[in-house]
Structure formats: C-alpha cells, structure tokens
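I have placed the structure first, in the form of structure tokens, so that the comments after it can refer back to it.
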Amino acid sequence: MSVVSELARGGAGEPAGESLAHHWMPFTANRDFKADPRLFSRAEGIWFEDQHGRRVMDGCSTLFTTPAGHGRRKIADAVHAQLLELDYASSFGRGHEKSFTLARRLAGLLPEGIDRVFFVNSGSEAVDTAMKICLAYHAARREPQRRMFVSRERAYHGVNMGGVSLSGMVRNRLGFVPIPGVVHMRHTWQAEARFTRGVPEHGAELADDLQRMVENYGAESIAACFVEPIAGSTGVLVPPRGYLERLREICTRHAILLVFDEVITGFGRTGKAFGAASFGVLPDVITMAKALTNGVQPMGAVAVKREVHDTIMAAAPEGATEFFHGYTFSAHPAACAAALAALDIYEEEHLFERAAQMSAYFLDAVHGLRDLPVVTDIRGYGMLAGIDVVPAGGPGVRGNEAQKRLFDAGLHVKTTGDALILAPAFTFAGGDVDHMTAILREVLGTYR
Ligand SMILES: Cc1ncc(COP(=O)(O)O)c(C=O)c1O
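Numbering-wise, the sequence shown is residues 425 to 872 according to the working numbering.
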C-alpha cells in the first residue's frame, strides 16, 4: 500500500482523515474533502492514478496547466540538469542566462510589439504586478492621478489583493477589503446566446460599459481595463463578436491601458499562442502563468508593449532602479529551464496547431450533451468548454457533487459553482474526447 493511501486511510491509531488535518487546502471544502479524500498519486500523459490505483482521465489539463500532458521527460530532465548546474540565482541586480533566453522566446510567441517580459511565480502575482506596471506607466507619463481600474463581473484574476479587488466573483472579494477605485463592467453571459458554439454573434455593445465608466469617472482617472479574453474560471464565457475590438477602441481613445489576463487562454488554449492572436485584438499588457511551464514549476509573467516598458525606464534617473517590484523567486532558474523545455515541446509537437485542429471535434462532442435534461447551457472555444447544470440544494452544491461523482467514474474536471469546465490536453485524440463525453453523459444523465 502506498504512503498516499495510508494517509487517506489515517495513520496508525488515527481516525480516517485525521492524518490529512494539517494541510489547510486552498479553494477546497476542507471538511468535506478530508472525510472522503480523492488524491492523485501518479500522472502520465492524460491519465492520473488515484490513491486506490484507479485511472482517472485528466479532462481539465489539471487546472489548465498541462496542455502537453503529464510526465514529460524533457521538462523533468531540464529541471534536474538546471538544479545541478545552478540551483538558484537571484534576479535582483544579478541574473542568469536562461531568464533572458526565455524572455526572448516568449517575445517571439507574443503578438508583435509586446516583447518586454517581467517574471513572477503565479497568475495572481502576474495580475498584481500588471496593476503596478499600469500605475507606474501613468505616473511616468505624468498622469499619476490615473489610479482606477475597470474590471468585469464574473472575472477571476487570482487571489492577491489586487486580483481580489478586480474579482468579479463576489465570494472571492467579500470580506477582504478590496482596494478602492475598482469598478466592474457587466459580464458577457447572455441568456439568448445559450448553447452558442464559439463566438456569440450579438453583444459587442456590452463593451460600451467601459465608455460609461469613462463618462462617470473621467478617462483621466482610469489606469487600465483588465479582462480575460475568455472568462475561464467562471465557466468559459466567450466574448461576443466585436466585443474585445470595441474595448480596444475605447481604451485607445482614452489612453487607458488594455490588459488581457491570459493565465488560462495563453499557450495554445484558443488554438493560437495567445487569445490576443485568436481574437485579433492587441492589448497593451498580457499576463500569463499555468501552461508557461506545462505546470511543472510555479511561474508566471507579465508581458508589456515596448512603449510601456520604455516609458517607465525613461522616467527614472540613469543608474537607478526603475520599478520597485519583484519576488525572491522571480525568474527562478528551475522555472526558466522548465518553461524553455515546455516551449520546445509545444513547438516540436505543433501543439498549438493541434489544439486548433482538435477544437472542432472537441466542441462538437461537448455540444452533443445538450439533450441532457440537467444541462442548461454549453459554451466553448478552442480547447476550452463550460457546461452549466441546474443547481440543486443551493448554489454550487450540485456542481461539487457532480465533480466528485465524475472523479469516481474516472474523469477529473474543474467546477465553479454549477458550471463544469473542460480543458483537455492538446494531446487528446478523438477517442479520448469520446471517452470523456461518455463519462459526462453517464454521470450527468442521472440528474433531472
Ligand atoms: C485568468 C486568471 N488569472 C489569474 C489566475 C491566478 O493564477 P494563480 O492561481 O496561479 O495565482 C487564474 C487562475 O486560475 C486565472 O484563471
């Protein structure tokens, strides 16, 4: 019996669950989980093994992190070699070669002109760093009064204080004293667009909420507008046709920075390297994390237009630090090595192109579940889809239960509230998609 299954049973003399008590788990119903734990013990390709040795298909690239699948030897070897060569080096006033190589590689993948990269350790850090970059930019332009941020209902931008303030998920914000000066546009879910496969045709005018913010607060007060190109964590809300373009126009007209939070949509999820390319809209700033290392090492980054970077540089005296921000582990050598190896895999195996090719099959299969009585909406784009189910017993209760039952039936998915979120690895074949939707049909088919 493995250590993991020993733990889940409770150690010698401990009641089941007691040995799990010390780890306070993030975004988890801790008591519920520990009473009936579902643990991963191994992973290979698109499959996990749980603590009982059962195979569970990874239907969500775990947490949108592993589009190349699990157990990629090339990344593990790169991290191992890096740790033996240079295990840690600070990037405060020092540096190491791989961070510069990685920043150059990313510049080659990013939309043209967005080619200056600041490294962090997570998506939340990327978002808070991006907010500070926006403030620093306007201060450098001698408009320091631009301190407001426009976000959106149903947005998820991580859990640090900046991201919590931007959050459009009320439970994530409530009780945490958000920073002042953040206002929220309406979300883009529309009842009329239910079961749209891809981009909804109508709703671009929802972007005019940004114009209303300008009229209410004055453009000269607003630093930036943050949006996920596709709102991922709240159930995959695909932007209506023309919506992101309209946000871009309003931002440009009023010198407001447009930030795309691509922590989920980055690295091929939409069929191109970034959502910005898929939707043909150029933001000023892009945040990324998760798949940057195929989930193997914690790492995030903020990429900015050269003009944003150069303005901040030029405002500081020669020889002085230009931006008073950074993390001990920014550009950690092992994370850089993992990211470089992940980018190699994405390129060598043409995984972004593969995501684009697989998307139609995947979306057709997921939309094939619309006849199930419990399903009230299905949305999707690229290799990302959301399925809403009828709530029962309070918001999120059925979603949580469905997620557990799917796991027991052999499928890992993420749920937020009563939305199930699918984000398979780009290595999924048609038969894998069929297997995934068969489990979904079997489990969701039991609900009325
Ligand atoms: C759009 C977006 N931004 C930020 C984050 C936060 O990332 P992390 O959990 O790595 O801090 C997430 C996480 O899901 C996300 O989806």
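For every residue, glycine included, the Cβ atom is placed at its ideal position computed from N, Cα and C.
Using C-beta distances below 7 Å, list every residue in its chain close to residue i, excluding the 5 sequence neighbours before and after it, in chain order.
i	result
Asn454	Trp448
Gly483	Leu835, His836, Val837, Leu846, Pro848, Met860
Pro535	Phe698, Ala700, Ala701, Leu706
Asp474	Arg462, Leu463, Phe464, Ser465, Val480
Tyr751	Val544, Asn545, Glu549
Arg730	Gly537, Asp539, Arg540
Leu634	Val574, Met609, Cys649, Leu671, Ile674
Ser783	Gly695, Gly806, Met807
Gly587	Ser548, Val551, Asp552, His581
Ser523	Ser515, Phe543, Ala755, Cys760
Ala862	none
Gly869	Leu796
Whose C-beta lies closer than 6 Å to the C-beta of residue i among residues of the same chain, with five residues either side of it excluded?
i	result
Val503	Ala758, Ala761, Ala762
Met425	Note on Met425: pLDDT 43, under 50, position unreliable in the model; the coordinate value appears next. Excluding positions up to five away in sequence, the list is empty.
Gly394	There is no way to answer for residue 394, as the model of the chain reaches only from 425 to 872.
Val541	Ala527, Leu530, Ala725, Ala727
Ala628	Pro664, Gly666, Tyr667, Arg670
Glu652	Asp685
Pro797	Arg872
Thr621	A small fix is needed here, since residue 621 is Arg in this sequence, not Thr. Excluding sequence neighbours, Arg621 sits near Leu787, His791.
Ala617	Pro624
Ser589	Pro602, Ile603, Val606
Leu716	Met723, Ala763
Met637	Val574, Val607
Lys828	none
Whole angstroms is fine: what's the gap from residue i's alpha carbon to residue j's?
i	j	result
Thr851	Ala492	6 Å
Leu844	Thr745	45 Å
Val709	Ala513	27 Å
Arg677	Phe543	30 Å
Val857	Phe691	20 Å
Ala462	Ala816	Checking the sequence shown, residue 462 turns out to be Arg, not Ala. Going by the C-alpha atoms only, they are around 23 Å apart.
Val821	Leu487	20 Å
Gln506	Ser515	16 Å
Val607	Phe573	6 Å
Gly599	Gly792	40 Å
Cys558	Glu771	31 Å
Asn584	Glu773	35 Å
Tyr785	Arg865	17 Å
Ala853	Thr839	23 Å
Ala385	Asp501	With the chain represented from 425 up to 872, any question about residue 385 goes unanswered, as that position is not in the structure.
Asn824	Phe831	11 Å
Leu533	Thr489	18 Å
Ala755	Val867	43 Å
Trp613	Ala459	35 Å
Ser485	Val660	15 Å
Ile802	Gly704	24 Å
His733	His749	14 Å
Ile811	Ala647	34 Å
CB-CB under 8 Å to residue i, same chain, minus the five flanking residues each way: which ones, in chain order?
i	result
Val623	Val662, Pro663, Pro664, Arg665, Tyr805
Ile769	Ala492, Arg496, Lys498, Ile499, Asn718, Leu775
Pro819	Gly841, Asp842
Ile470	Met481, Asp482, Gly493, His494, Pro848, Ala849, Thr851, Phe852, Asp856
Glu658	Note that residue 658 is Thr in the sequence shown, not Glu. If we look at Thr658 and ignore the five residues flanking it on each side, its Cβ neighbours are Arg578, Ala579, Tyr580, Gly592, Met593, His611, Thr840, Gly841, Ala843.
Under 7 Å from any heavy atom of ligand 2, does the C-beta of residue i make it?
i	result
Ser515	With respect to small molecules bound, the structure shown includes ligand 1 and not ligand 2.
Step through the CB atoms of chain E and report whether any lies within less than 8 Å of the CB of residue i.
i	result
Asp734	Among the chains in the structure shown there is no chain E, since it carries only a single protein chain.
**Request:** Report yes or no: do the stretch 594 to 611 and the stretch 565 to 582 share at least 3 C-beta pairs separated by less than 8 Å?
**Result:** Yes: at least three Cβ pairs fall under 8 Å.
**Message:** Under 7 Å, CB to any heavy atom of ligand 1. Which residues pass, going along the chain?
**Reply:** With the cut-off at 7 Å, the residues found are Leu487, Phe488, Ser546, Gly547, Ser548, Glu549, Ala550, Val551, Tyr580, His581, Gly582, Val583, Gly587, Glu652, Gly656, Ser657, Asp685, Val687, Ile688, Thr711, Ala713, Lys714, Gly724.
**Asked** Can you list, in chain order, the stretches of the alpha helix (DSSP H) that have 4 or more residues and sit fully within the stretch 448 to 526?
**Response** For the stretch 448 to 526, the full-length alpha helix (DSSP H) segments reaching 4 residues or more read 454 to 459, 485 to 488, 497 to 509 along the chain.
**Request:** Pair every Cβ in the stretch 710 to 724 with every Cβ in the stretch 762 to 773, then say whether three or more of these pairs are closer than 8 Å.
**Result:** Yes, they touch.
**Asked** What are the complete beta strand (DSSP E) segments, minimum 3 residues, inside the stretch 793 to 869?
**Response** You should have 799 to 805, 808 to 813, 838 to 840, 843 to 846.
**Asked** If you scan the stretch 711 to 750 from start to end, which runs of the alpha helix (DSSP H) of 4 or more residues do you find wholly inside it?
**Response** With a minimum length of 4 residues, the continuous alpha helix (DSSP H) runs that stay inside the stretch 711 to 750 are 730 to 738.
**Prompt:** When the Cβ atoms of the stretch 553 to 571 are set against those of the stretch 737 to 752, are three or more pairs found closer than 8 Å?
**Reply:** Yes: at least three Cβ pairs fall under 8 Å.
**Prompt:** Hey, which unbroken runs of the beta strand (DSSP E) at 3 residues or more fall wholly within the stretch 555 to 609?
**Reply:** Counting only runs of at least 3 residues, the stretch 555 to 609 fully encloses the following beta strand (DSSP E) elements, listed from N- to C-terminal order: 572 to 576, 606 to 609.
**Message:** So within the stretch 632 to 683, which uninterrupted alpha helix (DSSP H) runs reach at least 4 residues, ignoring any that extend past its ends?
**Reply:** Complete alpha helix (DSSP H) runs here, min 4: 632 to 641, 667 to 677.
**Request:** Scan the stretch 525 to 556 and note each continuous alpha helix (DSSP H) run of 4 residues or more that stays entirely inside, going in chain order.
**Result:** With a minimum length of 4 residues, no continuous alpha helix (DSSP H) run stays inside the stretch 525 to 556.
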